[in-house]
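>
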Amino acid sequence: DTEVTQTPKHLVMGMTNKKSLKCEQHMGHRAMYWYKQKAKKPPELMFVYSYEKLSINESVPSRFSPECPNSSLLNLHLHALQPEDSALYLCASSQDLGGGGFQETQYFGPGTRLLVL
Amino acid sequence: AQSVTQPDIHITVSEGASLELRCNYSYGATPYLFWYVQSPGQGLQLLLKYFSGDTLVQGIKGFEAEFKRSQSSFNLRKPSVHWSDAAEYFCAVGKGTNAGKSTFGDGTTLTVKP
Numbered sequence: 005d006t007e008v009t010q011t012p013k014h015l016v017m018g019m020t021n022k023k024s025l026k027c028e029q030h031m032g033h034r035a036m037y038w039y040k041q042k043a044k045k046p047p048e049l050m051f052v053y054s055y056e057k058l059s060i061n062e063s064v065p066s067r068f069s070p071e072c073p074n075s076s077l078l079n080l081h082l083h084a085l086q087p088e089d090s091a092l093y094l095c096a097s098s099q100d101l102g103g104g105g106f107q108e109t110q111y112f113g114p115g116t117r118l119l120v121l
Numbered sequence: 189a190q191s192v193t194q195p196d197i198h199i200t201v202s203e204g205a206s207l208e209l210r211c212n213y214s215y216g217a218t219p220y221l222f223w224y225v226q227s228p229g230q231g232l233q234l235l236l237k238y239f240s241g242d243t244l245v246q247g248i249k250g251f252e253a254e255f256k257r258s259q260s261s262f263n264l265r266k267p268s269v270h271w272s273d274a275a276e277y278f279c280a281v282g283k284g285t286n287a288g289k290s291t292f293g294d295g296t297t298l299t300v301k302p
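Protein sequences, first through last, are from chains D and U.
Following this note's numbering, the residues of the first sequence are numbered contiguously, the last one being 121.
Following this note's numbering, the residues of the second sequence are numbered contiguously, the last one being 302.
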């Protein structure tokens, strides 16, 4: 099974709402990623988790709060977002060798298309 | 720091014609190189990757890519394009260790004419 699943597929939220994006993989991967992708642009890395610990935060605003409750799940909690946060949010996973090294083949989910009104 | 350049923003080819998408990278050591494809509204699907060994890499969907260290290139090719190949293609480079931070090119949009 080389699948990464993401829910919901689409999300519309107001600027005062709180919502969460969910990502799940059952490949035994220990590194998981959140990316943000605007139309016609490459994905921009937001967060990386390694062994359920936050490893990389690319200076993302605090209105985005990641969580990795176990090795298969990755959440992205959203609060007080701005219209410019509307984008496709992609989750990915890769095998992690530990000790600071990553096996870099990343498997991506289909994404959640977020619209902030 | 590593960087990736995809010189062609948009390419149009006729169905059945051959395809080459260009990718140039900048990195001091041997890079890890990837090609991904993204259909509209979808996630990224890995087409192929190069870590070491044979510089001609075979991927899924009939794609191949050749790593040329002297030219810092990793161009993607397909001998005969199908209408379903129309999509966005991203080249990416990784550092191999302490990474998780692959750098993506800006992408090339492929249109296939009937």
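All C-beta atoms in this analysis are idealised placements derived from N, C-alpha and C, irrespective of residue type, glycine included.
Beta carbons nearer than 9 Å to chain D: which residues of the segment 230 to 257 of chain U have them?
Q230, G231, L232, Q233, L234, K237, F239
> Counting C-beta neighbours from all protein chains within 10 Å, is the total for U/D242 16 or more, i.e. buried, or is it exposed?
exposed
> Examine the Cβ distances between the segment 5 to 17 of chain D and the segment 58 to 76 of chain D and report whether three or more of them are shorter than 8 Å.
As far as the Cβ criterion goes, the segment 5 to 17 of chain D does not touch the segment 58 to 76 of chain D, which means the pair count is below three.
> Give the DSSP-derived three-state secondary structure of U/K249 in the structure shown.
helix
> What are the start and end residues of each continuous beta strand (DSSP E) run of 3 or more residues lying completely inside the segment 54 to 87 of chain D, in chain order?
57 to 61, 68 to 74, 77 to 83
> Contact criterion: CB-CB distance below 8 Å. Does D/E108 meet it with respect to chain U?
yes
> I'd like the list of long-range same chain contacts for D/N61, defined as Cβ closer than 6 Å, with 5 residues on each side in sequence excluded.
Same-chain partners within the cutoff: F51.
> Please determine, among D/K40, D/L58, D/P46, the residue with the shortest C-alpha to C-alpha distance to U/S191.
The closest CA to that of U/S191, considering only D/K40, D/L58, D/P46, is found on D/P46.
> Can D/L80 and D/S24 be called in contact, C-beta distance under 8 Å?
yes
> Decide if D/S97 is buried, meaning its Cβ has at least 16 other Cβ atoms within 10 Å, or exposed.
buried
> Quick one: grab the DSSP three-state call for D/S24.
strand
> Where does the unbroken beta strand (DSSP E) through U/R265 begin, and where does it stop?
For U/R265, the enclosing beta strand (DSSP E) stretches over residues 261 to 266.
> Mark D/G104 as exposed unless 16 or more other C-beta atoms lie within 10 angstroms of its C-beta, in which case mark it buried.
For D/G104, the predicted structure reports a pLDDT of 36, less than 50, and the residue's modelled location is therefore unreliable. A value from the coordinates is still provided. So D/G104 ends up on the exposed side.
> Quick check on the DSSP output: the beta strand (DSSP E) that includes U/Y277 runs from which residue to which?
275 to 282
> Do U/L244 and U/A275 have their beta-carbon atoms positioned less than 8 Å apart in this structure?
For U/A275 and U/L244, no; Cβs fall outside 8 Å.
> Determine the direct distance from the alpha carbon of D/E48 to that of U/T193, and round the result to whole angstroms.
16 Å
> According to DSSP, is D/D89 part of a helix, a strand, or is it coil?
helix
> Closer than 8 Å is the cut-off here; do at least three beta carbon pairs connect the segment 28 to 38 of chain D with the segment 198 to 210 of chain U?
no
> 8 Å is my cut-off, CB to CB: does D/G32 come that close to chain U?
no
> Are the CB atoms of D/L94 and U/G231 within a distance shorter than 8 Å?
yes
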